[in-house]
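Notes follow once the structure below has been shown.
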Amino acid sequence: MTSPRTAHCHDAVIVGAGFGGMGAAIELRRQGYDDLVILEREDDLGGTWHVNRYPGLAVDIPSSTYSYTFEPNPHWSRLFAPGPELKRYAVHVADKYDLRRHMRFDTVVEGAEWNEEESAWDVTIAGGEVVRGRFLLTATGFLSQPKLPDIPGVEDFAGVVMHTTRWDDDVELTGKRIGVIGTGATAVQLIPELAEVADHLTVYQRTPIYVSPKLDGPVPGVVRGAFAKVPLTQKATRLVGTSILEVLMVAGVLHFRDLPWANALGKRVCEAHLKRQVKDSELRAQLTPDYDFGCKRPTFSNTYYPTFTRPHVDLETTSIDHVDPGGIVTADGNRVDLDVLVLATGFNLWDVNFPAIRIVGREGRDLGRWWRDNRFCAYEGISVPKFPNFFSLNSPYSYSGLSYFTTIETQMAHLGRVLRTMRKRDAAVVEVTEDANEEFLVRMTGLLGNSVFNAGSCATARSYYFNQHGEAVLLRPTSTLSASREATRFPLDDYTYLPKEVATLSV
Ligand code: NAP
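Have a look at this one:
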C-alpha cells in the first residue's frame, strides 16, 4: 500500500475511461498536462460501449452526431451504428490520442478526499492504494450503476438471470422461454432480437415508452468514401442531424409551456407509428403512454411494436407479484414458466450515482450528502463549491442536447478555459464560488419551469430524469448552443484562483 504522504502527485486523476474520461484527458493534454492517470473499474476502455453487449445494441441517436467533432468517424456502417462500432471508435480514439498509457483497468475507485496540506486529491482504490492528483475529474457516467428490480424472489429463480449490462453470450437463448422485465430504450432494442430466437417471449411492462419511426439503413460505401475524402460533407450531415435533435429537445421538451404544439407533434408521430404497426386496439392501448412526450427519453424503432403482434410474444401489463424458481407470478395469480429472465431494468442514478464514489472536499463537505441534504447542483454542470480542482463531468445540469458528445465537448471547453486562466493567474488551486453556484441553480430552476418536466404531465412516467426531490435536474434546460457559448464565456471570477501557499493558509 502506498501512503498518501509519499504518493507521487499526478497532474490529474480521471475516474472512468469512457468517452467522457477520454475527452477530459485529451483536453488536459492540450493544456500541457501529461502526467495523467485514468482509473477504470472495467477491464477495458469504452465505458457504456464496453459494458453493454446485449443483442440489438446500437446508438439511439443518428451516428453522424455521435463522435467527437475533432475526430469524425467516416466509417459508421449504418445511420444508427451498432454497438460494436462504437466500441471500435473508442479504441481508435484511445490509440490515436495515445491515451492507453494513462489507463489502469480493473481498478475500482472507492473515494477521493481533498488533501488541504498538499492541495491535491487523494484517491483511494479498492485494496487501499492511494493515488494522488492535483486535479480530480470524475467521468463515471450517468447510466453506469445497474438497477436490479426490488421484486421478491428474483434471487431464487432457478434459470439464468441477466441484467442487460451483464450480458453473457454463452447463455443459450434459442428455443427458450424468455421473460424480459422493463420496456425502456434498452428493452426496445433487445426485445425484437430475443423474439427472433425465443420459443416464447413474455415482456413485463410497467410503463410504456414513446417510440418513433427510425430512419435507419446502411450508409452506402460511396457516402462513406465522400465523408473520408471530403470531411466537409460529413460536417454538413452532422449539422443537419444536430439541428433536428436540437429542435426536438428545445422546442418539444424545454419550451413545453410556450410551444405545446411541438411536444404534441412528437407525441402524435409516435402514436401514428404505433397505429400503423399495431392493428389490435387493446394491445395498442397497452402500449400507449399516459404521460407527456419527453418526460422520459423516447426512442426509435421500426421493429419494437410489431414484435408484440407475433404469436409467440406476450405483453404482460399486470404487475409482478414475485419471482419463484420456475418463473414469474403476476398480481392476478397468473404464472409464466421461464428458462431465462432478462432484467432490462435500467440504472440507479439518484441513490448510488451522483456521485458514483464518495468525494470529500474542503471542510469535510461530502458531495453525495451535500447534494441530498440541499439540492442537486453543479455550476455549469461541472464544478461544485468547496471542491477545489475538481471537475464532475456527470453532474446535475450537465447533460446538454441529445448526443452525449455535445456535453463532453462543452465540458472540455469549460475545463480548458479554467486551466488557461489558472496558468495566466499563476494559480495552483481553483474553486467555484458559492454565489456563482447558487445563481446558476436559480437560473436553471427558472428555466425548468418552462419545460415538460415541470409544466407537463410527468407524474406517471417514472422517469429517471427526476431525482428523489422530484426535480428533473439531469438535463441542462438550455439549448446546446447556449451551453457551449457559456463554456467559453462564463465570468472568470465565478471561480477563485489561489496560489498553493494561500490555498493552504486559507483553510
Ligand atoms: P430505463 O429507461 O430506466 O428502463 C428501465 C425499465 O425497467 C423501465 O421500463 C422500468 O419501468 C423497468 N423497471 C425497472 N424496475 C422495475 C421493476 N421493479 N418492476 C418492473 N419494471 C421495472 O433503462 P434502459 O432501458 O436501460 O435505458 C436507460 C437509458 O439508456 C435510455 O434512456 C437511453 O438514454 C440509454 N440507452 C441508450 C442506448 C444507446 O444509445 N444505444 C441504448 C439503450 C439505452 P418503469 O418505467 O415503470 O420504471
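Per the numbering used here, the very first residue in the sequence shown carries number -14; after that it's consecutive. Glycine included, every Cβ here is placed at the ideal spot set by N, Cα and C.
Margin query: Less than 8 angstroms between the beta carbons of Leu30 and Val76, yes or no?
Written below: Against a cut-off of 8 angstroms, the Cβ pair of Val76 and Leu30 comes out as a contact.
Check: Is the number of C-beta pairs between the segment 185 to 195 and the segment 311 to 325 that are closer than 8 angstroms three or more?
Finding: Touching, per the Cβ criterion.
Item checked: Whole-Å CB distance - Lys132 paired with Phe361, under 8 angstroms assumed -> Between the beta-carbon of Lys132 and that of Phe361 there is about 18 angstroms, and that puts the pair past the 8 angstroms contact cut.
Margin query: Using a 10 Å radius around the Cβ and a threshold of 16 neighbouring Cβ atoms, would you call Ala270 buried or exposed?
Written below: Ala270 comes out exposed.
Next item on the list: Count the C-beta pairs between the segment 434 to 449 and the segment 344 to 354 that are closer than 8 angstroms, then say yes if the count reaches three, no if not.
Entry: Short answer: they don't touch.
Note to self: At a threshold of 7 angstroms, does Gln453 count as lining the ligand NAP (C-beta to nearest heavy atom)?
What the structure shows: Flag unset: Cβ of Gln453 not near the ligand NAP.
Checklist line | First and last residue of the uninterrupted beta strand (DSSP E) at Val188 | finding: Val188 -> beta strand (DSSP E) spans 185 to 189.
Next item on the list: Have a look at Pro296 and Thr288 and give me their C-alpha separation to the nearest angstrom.
Entry: The alpha-carbon atoms of Pro296 and Thr288 are separated by roughly 15 angstroms.
Margin query: Quick check on Val415 - is its C-beta less than 8 angstroms from some C-beta in chain B?
Written below: Annotation note: the requested chain B is absent from the structure, which comprises a single protein chain.
Check: If you draw a straight line from the alpha carbon of Leu268 to that of Val115, how long is it in whole angstroms?
Finding: Taking the Cα positions, Leu268 is about 56 angstroms away from Val115.
Next item on the list: Could you say which of Arg89, Val417, Val165, Glu256 lies nearest to Glu301 if we only look at CA atoms?
Entry: Residue Val165 is the option with its Cα nearest to Glu301.
Notebook entry, point to check: Excluding the five sequence neighbours on either side, which residues of its own chain have a C-beta within less than 7 angstroms of the C-beta of Ala412, listed in chain order?
Noted result: In the same chain as Ala412, and ignoring 5 residues on each side of it, the C-beta atoms closer than 7 angstroms to its own belong to Tyr482, Leu483, Pro484, in chain order.
Item checked: Rounded straight-line distance, which links the Cα of Glu102 to that of Ala211 -> CA-CA distance, Ala211 to Glu102, rounds to 56 angstroms.
Next item on the list: Classify Pro370 as buried or exposed, calling it buried when 16 or more other Cβ atoms lie within 10 Å of its own Cβ.
Entry: Pro370 should be labelled buried.
Margin query: In this structure, how does DSSP classify Phe438 when only helix, strand and coil are distinguished?
Written below: DSSP places Phe438 within a helical segment (H, G or I) once states are collapsed to three.
Next item on the list: State the DSSP-derived secondary structure class of Pro476, mapped to helix, strand or coil.
Entry: Secondary structure of Pro476 (DSSP, three-state): coil.
Check: What are the complete alpha helix (DSSP H) segments, minimum 4 residues, inside the segment 264 to 342?
Finding: Within the segment 264 to 342, the complete alpha helix (DSSP H) runs of at least 4 residues are 266 to 272, 289 to 292.
Check: Which ranges would you report for the alpha helix (DSSP H) in the segment 163 to 225 if only whole runs of at least 4 residues count?
Finding: The DSSP assignment places 170 to 182, 206 to 214 as complete runs of the alpha helix (DSSP H) inside the segment 163 to 225, in order along the chain (cut-off: 4 residues).
Next item on the list: Verify the contact flag: Val196, CB atom, against every heavy atom of the ligand NAP, threshold strictly below 7 angstroms.
Entry: Because no heavy atom of the ligand NAP lies under 7 angstroms away, the Cβ of Val196 does not count as near it: no.
Margin query: Only counting the same chain, and skipping five residues up and downstream in sequence, which positions put a Cβ closer than 8 angstroms to that of Arg89?
Written below: Exclusion of the five residues before and after Arg89 leaves Val22, Ile23, Leu24, Glu25 as the residues of its chain whose Cβ lies within less than 8 angstroms of its Cβ.
Next item on the list: Report the three-state DSSP secondary structure of Arg38 (helix, strand or coil).
Entry: Arg38 carries a coil assignment under DSSP once its states are collapsed to helix, strand and coil.
Margin query: So, with DSSP's three-state summary, where would you put Trp99?
Written below: DSSP, read as helix, strand or coil, puts Trp99 in strand.
Next item on the list: To the nearest angstrom, report how far apart Ile46 and Ala457 are at their CA atoms.
Entry: For Ile46 and Ala457, the distance between alpha carbons rounds to 21 angstroms.
Checklist line | Local conformation of Ala421 per DSSP, three classes | finding: The answer is helix: DSSP assigns Ala421 an H, G or I state.
Check: Ends of the alpha helix (DSSP H) at Val139?
Finding: DSSP places Val139 in no alpha helix (DSSP H); its state is neither H nor E.
Notebook entry, point to check: So does the segment 158 to 177 actually touch the segment 249 to 259, counting three or more Cβ pairs closer than 8 angstroms?
Noted result: Because the criterion of three Cβ pairs below 8 angstroms is not met, the segment 158 to 177 and the segment 249 to 259 do not touch.
Check: CA-CA distance, Met(-14) and Val94?
Finding: The predicted position of Met(-14) is uncertain, since its pLDDT is 42 and thus under 50; a value taken from the coordinates is nonetheless stated next. Approximately 14 angstroms between the Cα atoms of the pair.
Notebook entry, point to check: Out of curiosity, what's the CA-to-CA distance linking Val(-2) and Thr303?
Noted result: Taking the straight line from one Cα to the other gives about 47 angstroms.
Next item on the list: Would you mind stating whether Thr284 and Val108 have Cβ atoms separated by less than 8 angstroms?
Entry: Not closer than 8 angstroms, so no.
Margin query: Check for me: the alpha helix (DSSP H) holding Arg117 runs from which residue to which?
Written below: Premise fails: Arg117 lies in the beta strand (DSSP E), 115 to 123, not in any alpha helix (DSSP H).
Check: Excluding five sequence neighbours on each side, which residues of the same chain lie with their C-beta closer than 8 angstroms to the C-beta of Gly202?
Finding: Same-chain partners within the cutoff: Arg63, Leu64.
Next item on the list: Sort out for me which residues DSSP pairs Arg405 with in a bridge.
Entry: In the DSSP assignment, Arg405 forms no beta bridge with any residue.
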